[in-house]
Amino acid sequence: MTTTPTSAARPDDLRRHNRALVLRRLHVSGPSTRAALAAETGLNRSTIKALVDDLAENGVVAERVPTRRTGAGRPSLLVLPQPNAVVVLAVDIRVDQVAMALVGLGGQILGRCSWGLRAETRVPRETLTKIVDNCELLIEEAGVEVAAVGASAPGVVRRADGLVHEAPNLQWTNVPLGAWLGKALDLPAYVANDAELGALAEHLRGAARGIDDVVYIGADVGVGGGVISSNAPLRGTDGYVGEIGHMVVRPDGLPCYCGSQGCWETEVGEAALIRALGLPDDAPRGVIAAELHQLATQPAELMQRLGEFAQWLAIGLCNLVNLLCPRLVVLGDLFTELPPKLIEHVTDLVRKRSMVSRALGGVRIVTSSLRNDVKLLGAAELAFEQVLATR
Numbered sequence: 001m002t003t004t005p006t007s008a009a010r011p012d013d014l015r016r017h018n019r020a021l022v023l024r025r026l027h028v029s030g031p032s033t034r035a036a037l038a039a040e041t042g043l044n045r046s047t048i049k050a051l052v053d054d055l056a057e058n059g060v061v062a063e064r065v066p067t068r069r070t071g072a073g074r075p076s077l078l079v080l081p082q083p084n085a086v087v088v089l090a091v092d093i094r095v096d097q098v099a100m101a102l103v104g105l106g107g108q109i110l111g112r113c114s115w116g117l118r119a120e121t122r123v124p125r126e127t128l129t130k131i132v133d134n135c136e137l138l139i140e141e142a143g144v145e146v147a148a149v150g151a152s153a154p155g156v157v158r159r160a161d162g163l164v165h166e167a168p169n170l171q172w173t174n175v176p177l178g179a180w181l182g183k184a185l186d187l188p189a190y191v192a193n194d195a196e197l198g199a200l201a202e203h204l205r206g207a208a209r210g211i212d213d214v215v216y217i218g219a220d221v222g223v224g225g226g227v228i229s230s231n232a233p234l235r236g237t238d239g240y241v242g243e244i245g246h247m248v249v250r251p252d253g254l255p256c257y258c259g260s261q262g263c264w265e266t267e268v269g270e271a272a273l274i275r276a277l278g279l280p281d282d283a284p285r286g287v288i289a290a291e292l293h294q295l296a297t298q299p300a301e302l303m304q305r306l307g308e309f310a311q312w313l314a315i316g317l318c319n320l321v322n323l324l325c326p327r328l329v330v331l332g333d334l335f336t337e338l339p340p341k342l343i344e345h346v347t348d349l350v351r352k353r354s355m356v357s358r359a360l361g362g363v364r365i366v367t368s369s370l371r372n373d374v375k376l377l378g379a380a381e382l383a384f385e386q387v388l389a390t391r
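Residue numbering for the sequence shown follows the UniProt record's numbering, starting at 1 and increasing by one per position.
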């Protein structure tokens, strides 16, 4: 049997909705005047006044005279989100390291730490123990209260409960990361695929800000993707979307750990880039980056050594552009080290070969502006989505 909310409950629900709307606007877009908040949210000025007064009284926002004044007369006060008023813990689990940060309202990082992972230390329970220990230290040093935790994991993650169904490069299978984090930290915990969170972060705070249709592609040991379609994340059944590294692009190519052969990941992932550069199989990330930076000054050598790599990168991107029709493609993780000349070459190939790109007048391809923090900030935004909706 369904029940109709009582008339007494409706004003509270409406007020909560309006409050969340204002907080979300301040969190994502930063300081604003009351007049601008009214215009952008569609709320009337008396409602904005009541909400801002209440938020200020509770220390969630503050009002200040702007440092730069324009025009004559008394300047409008700016409403500023207070970072310490709402804080979340962000966790970015990678194959070779874990990074953590306390992120305050407005996206400000209030404290951070990271540590390396090796085969013997990336066991799920041991990783969780280290996260909990470092969380306690971070919170104590910052002197803040944490509202929730958001975590990024490099694998197939069920959004409903944060179950890491499979993270092959971590050798994790059916790890209930969301439940473990929530219980160990006594906080609401949310977990999602790392590339999906990369797309979220770039869309809200990075190179894709203000763009409604975006594809984010991250290359670490593996290759994954996140999609923003019509200004909303594309998630698929149970959140299992974004395994673009396992598109088969070369049927006679190398075997992939997923059980297939010739996956895009085998042609453009870290191992493929190491092969193209002629480096040892165990070359560390710093050595790869240094080699790419040196090649950036030698265009002829660059294309000779990475021309085939660029071809495979372009083939995969053409498939994605034709399928998803984004305005922008953001390349993250190891791809941010690729020389600009190579990115330009790949962009030209995609524009020539993709029917959709030609129809759009050319899809832009850029590297991540958030770089190493992209998935950490994405994990924070995952938590903020839930926290601000109920604040």
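We put the CB at the ideal spot given by N, CA and C, even for glycine.
(request) With DSSP as the reference, please indicate the residues paired to L177 in a beta bridge. (result) According to DSSP, which records beta bridges pairwise, L177 is partnered with nothing at all.
(request) Measure the alpha-carbon distance for S29 versus G106 and round it to whole angstroms. (result) 8 Å
(request) Look at the alpha carbon of L324 and the alpha carbon of R16, and state the distance between them as a whole number of angstroms. (result) Straight-line Cα distance between these residues: approximately 35 Å.
(request) Write down every uninterrupted run of the alpha helix (DSSP H) in the region 287 to 357 whose length is 4 residues or greater and which is fully enclosed by it, in chain order. (result) 299 to 324 and 340 to 353
(message) Rounding to the nearest angstrom, what Cα-Cα distance links R118 and D96 in this structure?
(response) 6 Å
(message) Spatial neighbours of H293 within its chain, please: C-beta separation below 8 Å, excluding the five flanking residues on both sides.
(response) E337 and P339
(message) Closest to S229 by C-alpha separation, out of M247, A189, W172 and L320, would be which residue?
(response) L320
(request) Please look up how many angstroms separate the CB atoms of A310 and V346, rounded, as I've assumed it's under 8 Å. (result) 5 Å
(request) Given a cut-off of 8 Å, decide if G245 and G222 are closer than it, judged by their beta-carbon atoms. (result) yes
(request) Taking S229 as part of the beta strand (DSSP E), name the residues at either end of that continuous run. (result) V223 to S229
(request) Can you give me the start and stop residues for the alpha helix (DSSP H) that A272 sits inside? (result) E270 to L277
(message) Less than 8 Å between the beta carbons of E63 and L51, yes or no?
(response) no
(request) Go ahead and label N193 buried or exposed: buried means 16 or more other beta carbons lie within 10 angstroms of its beta carbon, across all protein chains shown. (result) buried
(message) Just verifying my parser: in three-state terms, what is the DSSP assignment at T67?
(response) coil
(request) Indicate whether the contact test is met: 3 or more Cβ pairs, each with one atom in the region 198 to 213 and one in the region 108 to 123, closer than 8 Å. (result) no
(message) Buried or exposed, going by whether 16 or more other CB atoms sit within 10 Å of the CB of T390?
(response) exposed
(request) Look at the alpha carbon of A160 and the alpha carbon of D238, and state the distance between them as a whole number of angstroms. (result) 7 Å
(message) Taking the alpha carbon of K183 as the reference point, which residue from V87, I131 and D333 has its own alpha carbon closest?
(response) That would be I131, whose Cα lies nearest to the Cα of K183.
(request) Would you mind reading off the limits of the beta strand (DSSP E) that contains D92? (result) V87 to I93
(request) Could you check the C-alpha separation between K49 and E40 for me, to the nearest Å? (result) 14 Å
(request) Please state whether DSSP places R235 in a helix, a strand or coil. (result) coil
(request) Output yes or no for whether 8 Å exceeds the beta carbon distance between L110 and V149. (result) no
(request) Mark residue 392 as exposed unless 16 or more other C-beta atoms lie within 10 angstroms of its C-beta, in which case mark it buried. (result) No information on residue 392 is available, as it lies outside the stretch 1 to 391 that the chain covers here.
(request) Could you tell me the distance, in whole angstroms, from the CA atom of V86 to the CA atom of G155? (result) V86 and G155 have their C-alpha atoms roughly 29 Å apart.
(message) Assuming contact is defined by CB atoms lying nearer than 8 Å, are G332 and G242 in contact in what I supplied?
(response) no
(message) Quick check on T6: buried or exposed, where buried means 16 or more other Cβ atoms within 10 Å of its Cβ?
(response) Residue confidence for T6 is low, a pLDDT of 46 falling below 50, so the modelled location carries little weight; the figure read from the coordinates is stated next. T6 comes out exposed.
(request) Determine the direct distance from the alpha carbon of R10 to that of residue 392, and round the result to whole angstroms. (result) Since the displayed the chain opens at 1 and closes at 391, residue 392 lies outside it and no answer follows.
(request) Ignoring anything shorter than 4 residues or poking outside the region 93 to 144, list the alpha helix (DSSP H) runs there in chain order. (result) 124 to 142
(request) Indicate the three-state DSSP secondary structure (helix, strand or coil) for P83 in the structure shown. (result) helix
(request) Using beta-carbon positions only, say whether E265 and C256 come within less than 8 Å of one another. (result) yes
(request) Could you tell me which residues DSSP pairs with T33 in its beta bridges? (result) L78
(message) Give me the DSSP bridge partner(s) of R364.
(response) Note: R364 is bridge-paired with L328 in the DSSP secondary-structure output.
(message) Can you tell me where the beta strand (DSSP E) holding G218 begins and where it ends?
(response) V214 to A219
(request) For L388, collect the residues of the same chain with a Cβ closer than 7 Å to its Cβ; drop the 5 residues on either side in sequence, then sort them by chain order. (result) A20, L23, R24 and H27
(request) Could you please give the first and the last residue of the uninterrupted beta strand (DSSP E) stretch that includes V52? (result) It is not in any beta strand (DSSP E) - V52 instead sits in the alpha helix (DSSP H) that spans R45 to E57.
(message) Taking its Cβ as the centre, do 16 or more other Cβ atoms sit within 10 Å of L98, making it buried, or is it exposed?
(response) Here residue 98 turns out to be Val, not Leu, going by the sequence shown. The residue is buried, with at least 16 neighbouring Cβ atoms inside 10 Å.
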